[in-house]
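Numbering follows the numbering used here, with no gaps: position 117 of the sequence shown is 1157.
As structure tokens, the structure follows; a few thoughts come after it.
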Amino acid sequence: MWAIGIGIILLYNLLIFYIGYNIWVWLKNISGDRKSIKIIFWVVLVIFAYSFVFSRWLDESLFLTWLGAAWLSLFYFLIMLLPLANIAVFLRRFTNIQKEKFVKRTGYTVLIVIVCSFFFGMFNAYSPKAKSYQIIIPKQVEGKQSLKIIMASDMHFGDLSGSGQAKKLVEYINNQQPDLVLFPGDIIDDDITPFLEEGIPDILKQIEAPVYASLGNHDRDEVDLVKVFNNSGMKVLDDEVLNLPKGIVLVGRKDRGYQDVVRAELPALMKQVDVKKPVFLLEHQPYDLDIAEKNGVDLILSGHTHRGQVAPGNLFTNMIFENDWGYLKKGELQSIVSSGYGVWGLPLRIGSRSEIVQIDVTFNP
């Protein structure tokens, strides 16, 4: 384990050096190779590169958190673009283009691409779109032929997603006038403090429909989160079964990411359920769809994947999960996975988009 940790640290520092070297080669073509500027550059780069670590030490500094998020975004773009720039510079030697001029132009091109991509990624992250699904469940509900559900997962309320995003979510939900609101996990981003300081519990209480939630792998803190969330206008189902009026059954599971907590097996939970009724399962991470299908679940709602959040992450989530985003029907089970409402780590999305999901259910026995 120590060897893996040391290996990751060494690799990270090598990548920082790779990035720094390339930036400096470009800068010295602009400002000249002055020793004083070079020293300042490397000191600033190292502080910038470790700002997300410093933020953990300095009582979760908001400034350092955002600085760290900005660095991780820049790090992502540079790791993607610098190899292409290096290849272009290498190929230049087979032309008559002056090296210094080509390096300058290549650097400016990389800078322009990064700036444009950053704003595009911020837009994708903080301007959620509405995603709609129409599904049929072949079961009967007393006095009700249809149900309108709004689902939002992975809000990650915290330093990168605050009260403004919460208000936007509540406003959208209330405008849609759903019968039911479901939050399948990652309501906060590891730390409950920003959630409370931003007044988000009071904002969520303004949702005018019944709200039910399960916990995700980032819903963790030293306080009793279930109690905090229950006091925020929602009902948390933590390995629990709830029979709703008209005969719909909600099942909410503990997240599989809690290594120190034993969670109930799904077959054990389903023993409490009348599978003749429509059964909705809140399962943060979309694993084990076959088990859910075999045990009579009609609809499983998940998040967690963020659809990779930044490309090519979506390629990996697609390999890991049977359904990493969108809709999948497996036997009688229907699975819907959201790309999430919020962000984690980086305040941007490339190749994915934040979303709020509307599910129109028709009961047709």
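Just so you know, even glycine gets a beta-carbon here, dropped at the ideal spot from N, CA and C.
Small disclaimer: the values here were computed from a predicted structure and weren't measured.
Item                                                                                                                                                                                                   : Value
Which same chain residues, not among the five before or five after aspartate 1229, have their C-beta less than 8 Å away from its C-beta?                                                               : His1196, Phe1197, Gly1198, Asp1199, Leu1200, Ser1201, His1258, Gly1382 and Trp1384
When you compare the CB positions of leucine 1309 and valine 1291, do they come within less than 8 Å of one another, or not?                                                                           : yes
Can you find at least 3 beta carbon pairs, one from the stretch 1371-1379 and one from the stretch 1333-1352, that sit closer than 8 Å?                                                                : yes
Does glycine 1382 come out as helix, strand or coil in the three-state DSSP assignment?                                                                                                                : coil
By a C-beta neighbour count over all protein chains shown, 10 Å radius and 16 as the cutoff for buried, is methionine 1191 buried or exposed?                                                          : buried
Could you work out which residue in Asn1358, Ile1175 and Lys1179 is closest to valine 1397 when comparing CA atoms only?                                                                               : Ile1175
Report back the beta-carbon spacing between leucine 1122 and valine 1153 to the nearest angstrom; my notes put them in contact at under 8 Å.                                                           : Leucine 1122 to valine 1153, Cβ: 11 Å. No contact.
In terms of residues, what are the limits of the alpha helix (DSSP H) holding serine 1203?                                                                                                             : 1203-1216
Tell me serine 1375's beta-bridge partners as DSSP assigns them.                                                                                                                                       : Ile1340 and Leu1368
Would you mind working out which of Trp1106, Leu1102 and Gly1225 sits nearest leucine 1277, comparing C-alpha positions?                                                                               : Gly1225
Under a three-way DSSP split, which group does asparagine 1283 fall into?                                                                                                                              : strand
Answer yes or no: do aspartate 1295 and glutamine 1325 have a C-beta to C-beta separation smaller than 8 Å?                                                                                            : yes
Pop quiz: lysine 1188 and aspartate 1400 are said to be a contact at Cβ under 8 Å. What is the actual Cβ separation, rounded to whole angstroms?                                                       : 6 Å
One question on the structure: do valine 1377 and asparagine 1363 come within less than 8 Å of each other, judged by their Cβ atoms?                                                                   : yes
Can you grab the Cα-Cα spacing for the pair glycine 1348 / phenylalanine 1356, in whole Å?                                                                                                             : 7 Å
Could you say which of Gly1047, Val1319 and Leu1388 lies nearest to phenylalanine 1158 if we only look at CA atoms?                                                                                    : Leu1388
Please go through the same chain and pick out, in chain order, the residues whose beta-carbon is closer than 7 Å to the beta-carbon of tryptophan 1365, but skip the five residues on each side of it. : Thr1345, Arg1347, Val1377 and Ser1379
Give the secondary structure of methionine 1191 by DSSP, where H, G and I count as helix, E and B as strand, and everything else as coil.                                                              : strand
Less than 8 Å separating the beta-carbons of isoleucine 1227 and valine 1221?                                                                                                                          : no
Per DSSP, what kind of secondary structure is leucine 1222 in: helix, strand or coil?                                                                                                                  : strand
Evaluate arginine 1074 with the Cβ neighbour count: other Cβ atoms within 10 Å of its Cβ, from every protein chain shown; 16 or more gives buried, anything less gives exposed.                        : exposed
Who are the Cβ neighbours of methionine 1234 in its own chain at under 6 Å, not counting the five residues just before and after it?                                                                   : A quick correction: the sequence has proline, not methionine, at residue 1234. Cβ within range, chain order: Gly1198 and Asp1199.
Return the residue from the list Met1162, Asn1053 and Thr1146 that minimises the CA-CA distance to valine 1350.                                                                                        : Met1162
What span of residues does the alpha helix (DSSP H) with valine 1086 cover, start to end?                                                                                                              : 1075-1089
Where does lysine 1068 sit, in a helix, a strand or coil, going by DSSP?                                                                                                                               : helix
Quick check on DSSP: helix, strand or coil for serine 1183?                                                                                                                                            : Before going on, a small fix: residue 1183 reads as glycine here, not serine. The answer is coil: DSSP assigns glycine 1183 none of H, G, I, E or B.
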